[in-house]
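Student: In the numbering used here, the protein residues as written are 20 to 318. We treat Cβ as the ideally placed atom computed from N, Cα and C, and that holds for glycine. These numbers were taken from a predicted model, which means no experiment stands behind them. I have a structure here, written as structure tokens, and I will follow up with some questions on it.
This is the structure we're talking about:
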């Protein structure tokens, strides 16, 4: 690979793009920016999950790895044919999903009294918002790629604290939450005996580790593109769960077909990415950190 290609790929490593000196001066601000990007991405994804069927929400908001491919093509970086074809199939599948307005949530269906429950309503505007969430999502991954340090757990703890504080402030100012233990609107309602086990062990431990921390740790061993594309496995799971718990009705055939195509394309794209890396036709900048301590590395 020529020097220009290596420089272009440096966009996936903020430390290289900004320079080590500038990066070190601003690493705390960049950590806050990563946490803020995560909050924006996840908040908008929740908004989509309240207004769209789950497959549409998760598919439209998890395209971070896909949008990197046309960017690489525009910068004249070599892209494997599997990546090109996979990205094209994903684009066509997304158009099919956008055209499918017959896949609806349970609360969008006309109920016996004859009224449409209009609190949640799927619109093209909601789809556009979901597509826009890929920008903060991509920023989150790119920043975390460079912010990983020798003691990576320190970074994860700082990220988690910043995310918690940001979400808490948003709840206080925008959702009328109170500084109390009320189970419905209390900021510390999770301490309520009825909710504590579910919140701490299911949402706090299981979902946080597998849903966010796991992806950060994975970037120690895989390219950021592979880690970002892993999110395209989520739409099918989200749709199945949405139907099982009564949030969504069984989606239209067009959406089901698009979901299967997107999932298959994600595997196809990752195969192409792996081939490029194995053949050394693409060299991603190394992550700055490691899962091992500095003393272990010296040994």
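#1: In the DSSP assignment, find the unbroken alpha helix (DSSP H) run with residue 124 in it and report its ends.
#2: What first and last residue would you give for the alpha helix (DSSP H) that runs through residue 174?
#3: Measuring CB to CB, does residue 292 end up less than 8 Å from residue 244?
#4: Can you confirm whether the segment 98 to 107 touches the segment 284 to 291 when touching is taken to mean that 3 or more C-beta pairs between the two stretches lie within less than 8 Å?
#5: How close, in whole Å, do the beta carbons of residue 258 and residue 279 come, if the pair is a contact with beta carbons under 8 Å?
#6: Hey, residue 53 and residue 188: beta-carbon distance below 8 Å or not?
#7: Could you check what DSSP says for residue 265 in three-state terms: helix, strand or coil?
#8: Should the segment 169 to 186 be regarded as contacting the segment 79 to 86, the criterion being three or more beta carbon pairs within less than 8 Å?
#9: Measuring alpha carbon to alpha carbon, tell me which residue in 88, 145, 246, 126 is nearest residue 116.
#10: Please classify residue 143 as buried or exposed, where buried requires at least 16 other C-beta atoms within 10 Å of its C-beta.
#11: Would you say residue 73 and residue 269 are within 8 Å of each other, going by their C-beta atoms?
#12: Let's see if you can read the secondary structure: which residues bound the alpha helix (DSSP H) around residue 81?
#13: Does the beta-carbon of residue 183 have 16 or more other beta-carbons within 10 angstroms, so that it is buried, or is it exposed?
#14: Figure out for me which residue from 298, 271, 147, 261 has the closest Cα to the Cα of residue 63.
#15: Considering only DSSP beta bridges, list what residue 156 is partnered with.
#16: Over the uninterrupted alpha helix (DSSP H) stretch that includes residue 299, give me the two end residues.
#17: The alpha helix (DSSP H) with residue 61 in it runs from where to where?
#18: Leaving out five residues on either side along the sequence, give the residues of the same chain with a beta carbon under 7 Å from the beta carbon of residue 211.
#19: Need the endpoints of the alpha helix (DSSP H) that residue 112 sits in, please.
#20: Note down the Cα distance separating residue 137 from residue 123, rounded to an integer number of angstroms.
#21: In angstroms, rounded to a whole number, what distance separates the CA positions of residue 224 and residue 295?
#22: For residue 272, which of 110, 207, 40, 118 has the nearest alpha-carbon?
#23: Let's test the definition: count the other Cβ atoms within 10 Å of the Cβ of residue 192 and tell me whether it reaches 16, buried, or not, exposed.
#24: Exposed or buried, which one is residue 89 when buried takes at least 16 other CB atoms within 10 Å?
#25: Of all the options 114, 50, 196, which has the alpha carbon lying nearest to the alpha carbon of residue 159?
#26: Beta-carbon separation of residue 204 and residue 195 under 8 Å?
#27: Do the CB positions of residue 109 and residue 87 come within less than 8 Å of each other?
#28: Should residue 229 go down as buried or exposed, given a rule of 16 or more other Cβ atoms within 10 Å for buried?
#29: Would you mind giving the Cβ-Cβ distance between residue 65 and residue 185, rounded to the nearest angstrom? I have them listed as a contact below 8 Å.
#30: Is residue 156 closer than 8 Å to residue 83 when the C-beta atoms are compared?
#31: Compute the Euclidean distance between the alpha carbons of residue 301 and residue 247, then round it to the nearest angstrom.
Tutor: With the structure as the only source:
#1: Per DSSP, residue 124 belongs to no alpha helix (DSSP H) and is neither H nor E.
#2: 171 to 193
#3: yes
#4: yes
#5: In fact, because the Cβ distance is near 11 Å, the residues do not count as touching under 8 Å.
#6: no
#7: coil
#8: no
#9: 145
#10: exposed
#11: no
#12: Note, residue 81: premise wrong, no alpha helix (DSSP H); not H, not E.
#13: exposed
#14: 147
#15: In the DSSP output, where bridge partners are listed per residue, residue 156 has none listed.
#16: Here residue 299 belongs to no alpha helix (DSSP H), and DSSP marks it neither H nor E.
#17: 46 to 70
#18: 200, 202
#19: 100 to 118
#20: Its pLDDT being 46, under 50, residue 137 is placed unreliably in this model, and the coordinates cannot settle the point.
#21: 35 Å
#22: 118
#23: exposed
#24: exposed
#25: 50
#26: yes
#27: no
#28: exposed
#29: About 14 Å; that fails the 8 Å criterion.
#30: yes
#31: 17 Å
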